[in-house]
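A short write-up of the structure that comes next.
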Amino acid sequence: MKSILYALLLLFPFIANAQLLEGTITDDKNQAIEDVFIYSLKQNLHTHTNVKGHFELKGIQPGDTLILESFGFNTKYLAINEHVTEYKISMSPLSVTLEQVSITPGANINDMVAKVDLSMNPVSSSQALLPVMPGLFIGQHAGGGKAEQIFLRGFDIDHGTDLRITVDGMPVNMNSHAHGQGYADLHFLIPETVENISFAKGPYDASQGNFATAGQISFQTKDHVDQTQIIQEVGQFNTWRSVVLLNLSNKENNTAFVAGEYRYSDGPFVSSQDFSRLNGMAKWTLRTGDHSKISMMASAFTSTWLASGQVPQRAIDAGLIGRFGAIDDTEGGTTSRYNFNIQHQFASEHNDIIKTDIWYSKYQFDLFSNFTFFLDDPVNGDQIRQKENRDLFGINTKWMKNWKINNWSGLTQAGITTRTDLSKGNGLMRTANRTTVLETHQLGDVTESSASLYGKQLMEYKRWSVEAGLRFDYFNAFYQNYTGLTSNHSNDDMLLSPSLSVSYNPGKDLQLYGKIGRGFHSNDARLAIFDARTYLTPALGSDLGVVYKLSPDLLIDAAVWHLSLEEELVYVGDAGVIEPSGKSRRYGLDGGIRYAPFQWAQLRLDANYTVARSVEDPEGENFIPLAPRLTSAATLSVKHPGGLKANLSYRYMGDRAANEDYSIVAKGYFVTDLNASYTWKKLELGFVVENVLNTQWNETQFATESRLFDEAEPVEEIHFIPGTPFNIRAKIGYKF
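Reminder that position 398 of the sequence shown reads as 1436 in the working numbering, one-by-one numbering, no gaps.
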């Protein structure tokens, strides 16, 4: 007993001196920095700042030194003084590099890597923003005007069915779209206005919801631009692009800017694409003290184009047309979207954070296509028209609170989301030469509403991090039919989606993780007429992975994964029919390397292998058409302090099945691109070369049964859109 009392007396000075330390961390513009990692090697303690930049750390003693790390800022060391328990700390910004990526518990490593990739390889088109997500491939197949076809984790996602895309909390995907479920046209986003990209693969985030089965990707636009800037690009095929970023205000608590973009191109096709797109955006941000921030954003986008459509290989082999010719060059369309978004963030004295997004969009779509030529109508041809006018609006609200109990720390979140889509005149018609309506297959108004509740609990204990989530979704649909073929109908459905993620950091440079979760995508609301059970289609996924930073300049990551869809009854917009595909299963391996031998040079390499099969079909007849099997992409980037920037990249997609028994092959491709620029003071000069090796490749392709005008019988074979040939653009930019 005496020895115990003696030991306690010896420890008493240290116990008495242990402090509850708190502080606030801001940047050089006095704005709070969220998620700063603060740790003491001596005490083996760590914490993070919240949205207000505030932190608390218990158990620190005088004489300790805290290390403060935040991505994009210089590391700071803070010596603890026994007379000070509350600190106000400023961190200076730093150009993001691979060396700064820190493998810490609870850190979002994907976001840090994406920011490095975007910094080293800036893009000049909205569609090029999507492949920042490793393993994601895109393809354009309608004259540049339609949303891109997306491939990820063994999915031919079409235009967005299994990938959730948002901009400033506003959904991009369209429910029950005239051309296909989940249609996600990102062309309203001006790439120079993007500040951050956040992405995740699999259905493991309870805050995401609809369409986030293969993954989700979110874009955050800038609150301000440092300088007014103009950019002009001119290239082959009568291609040009003009961009203006205008700084209206850049005060500490009041920022505003406007941005505009115009594109035009005839394209490489025999018949001009006559593609034009006009974008505009304005954003104003106001900070009221330390507790509140409000942003208002308005944007407008409109586009028109012509298209040569998909061409059959046999027409080229017979010499009827060249690769860039057309069977029907009257395809094309128009589209527009107008957005208004208000984002509000409030932080209370007790570190409760409430974020609210209120958004509204007005959307128009009108598309003419001909996939089968003269298969169904040997006289007039098989041209179809898909159109709709839509109003969509919603609210997202979430509450967050950081907490710390002894050696446990965490973040509690709860949220509510609502969304309503009013799609008017949503129709599919057979037409001739864009002018005559021959037959109306579908025409009606789709009203779709949803409400969701979710909760997430993140807990960190020493080297462990655990996040559990639960989401509830309710959907309601009403279809007012104007064709008289079926009666009006309404239906609803609901789904509960749990998720769990666990990570363990054996050391500061190594993280092991496992995830399991349930997600879903909604099917077209018109499915409610045929089968109410398939309105919300569940997906169950799991990931096991590792992230290892072998050295400050080398990071590798790898994951094995699995994803099962319970049942897919998909609305096929190209044909206007419902196709049941039954249960499916996908599993695969993702791997990536980031290597930066110098702070101004980086190599990015990603590779993905997937097996995608239908569960209910016989072996050998259970391939999922167009599902990618082997893909890879790499970029060698240079960003020298002297002003030189350059990127040499390739993308590779292997051969894959175009139909269920693999008797028709969608051929793979290997395409390289190059861009370089030099900045001198406020002037930037550069060039972009697409398809450096002038590879002959098919950008998008489908197994389609079609008939040419003079053919007696139809033929099923590959129909494709040829990929862009070698072309070069020059670029000039100036900052005021």
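The beta-carbon is built from N, C-alpha and C at its ideal position, and this holds for glycine as well.
As the structure is a computational prediction, the values presented were derived from the model and not from experiment.
{"query": "Pair within 9 angstroms by beta-carbon distance, A1665 and D1194", "result": "yes"}
{"query": "Bridge-paired residues (DSSP) for P1576", "result": "F1558"}
{"query": "Exposure label - Y1499; buried when at least 16 CB within 10 Å", "result": "exposed"}
{"query": "Three-way DSSP call (helix, strand, coil) for E1171 in this model", "result": "Here residue 1171 turns out to be Met, not Glu, going by the sequence shown. Here M1171 sits in coil by DSSP."}
{"query": "Where Q1549 sits in the DSSP three-state scheme", "result": "strand"}
{"query": "N1374: first and last residue of the uninterrupted beta strand (DSSP E) it sits in", "result": "It is Ser, not Asn, that sits at residue 1374 in the sequence shown. Unbroken beta strand (DSSP E) run through S1374: 1369 to 1385."}
{"query": "Paired residues, beta bridge with G1583 - DSSP", "result": "Y1551, A1597"}
{"query": "Reference F1725, options F1516, V1753, A1452, N1765, closest by Cα", "result": "N1765"}
{"query": "Residues near I1203 by beta carbon distance below 7 angstroms, same chain, minus five either side", "result": "V1210, N1211, A1222, L1224, I1255"}
{"query": "Exposure of R1767, with buried meaning 16 or more beta-carbon neighbours within 10 Å", "result": "buried"}
{"query": "Expected contact under 8 angstroms - CB spacing of G1371 and V1349 to nearest Å", "result": "Between V1349 and G1371 the Cβ distance is about 18 angstroms, and since that is not below 8 angstroms, they are no contact."}
{"query": "T1669 beta carbon less than 9 angstroms from that of Y1688", "result": "no"}
{"query": "C-beta contact flag for L1682 and S1715 at 9 angstroms", "result": "yes"}
{"query": "Contact set for I1702: own chain, Cβ-Cβ below 8 angstroms, skip 5 residues either direction", "result": "A1695, A1696, A1741, E1754, E1755, I1756"}
{"query": "Contiguous beta strand (DSSP E) assignments of at least 3 residues, all confined to the segment 1111 to 1138", "result": "1114 to 1117, 1124 to 1128"}
{"query": "Range of the contiguous alpha helix (DSSP H) that encloses S1157", "result": "1147 to 1158"}
{"query": "Nearest-angstrom Cβ-Cβ length linking G1240 and W1599, presumed shorter than 8 angstroms", "result": "7 angstroms"}
{"query": "Proximity to D1155 [Cα-Cα], best of A1639, W1502, K1719", "result": "A1639"}
{"query": "C-alpha distance - L1781 paired with I1071, whole-angstrom precision", "result": "The structure shown does not extend to residue 1781, since the chain spans only 1039 to 1774, so no value can be given for it."}
{"query": "Collapsed DSSP secondary structure at T1394 in the structure displayed", "result": "strand"}
{"query": "Residue span of the alpha helix (DSSP H) that contains R1361, given as start and end", "result": "Run containing R1361: none; DSSP gives neither H nor E here."}
{"query": "Residues that DSSP places opposite P1209 in a beta bridge", "result": "T1204"}
{"query": "Candidates R1564, G1706, G1218, of which the one nearest T1572 by Cα", "result": "R1564"}
{"query": "Residues that DSSP places opposite I1422 in a beta bridge", "result": "S1407, R1468"}
{"query": "Coil, strand or helix - Q1267 by DSSP", "result": "strand"}
{"query": "Cβ pair count under 8 angstroms reaching 3, the segment 1132 to 1143 against the segment 1225 to 1236", "result": "no"}
{"query": "Same chain, Cβ closer than 6 angstroms to E1722, five either side skipped, listed in chain order", "result": "S1715, G1771"}
{"query": "Three-way DSSP call (helix, strand, coil) for L1565 in this model", "result": "helix"}
{"query": "Exposed unless 16 or more other CB atoms sit within 10 angstroms - verdict on P1172", "result": "buried"}
{"query": "Within 9 angstroms, strictly: CB atoms of N1112 and P1131", "result": "yes"}
{"query": "Endpoints, the beta strand (DSSP E) within which R1509 is located", "result": "1502 to 1519"}
{"query": "Rounded separation between N1427 and F1339 - CA only", "result": "15 angstroms"}
{"query": "Close Cβ partners of V1263 (< 6 angstroms) along its chain, the five nearest in sequence each way excluded", "result": "L1283, N1285, F1295"}
{"query": "T1142 - DSSP class collapsed to helix/strand/coil", "result": "coil"}
{"query": "Residue from Y1077, H1086, A1145, T1087 with nearest C-alpha to L1116", "result": "Y1077"}
{"query": "Sub-9 angstroms separation of S1407 and H1329 beta-carbons", "result": "no"}
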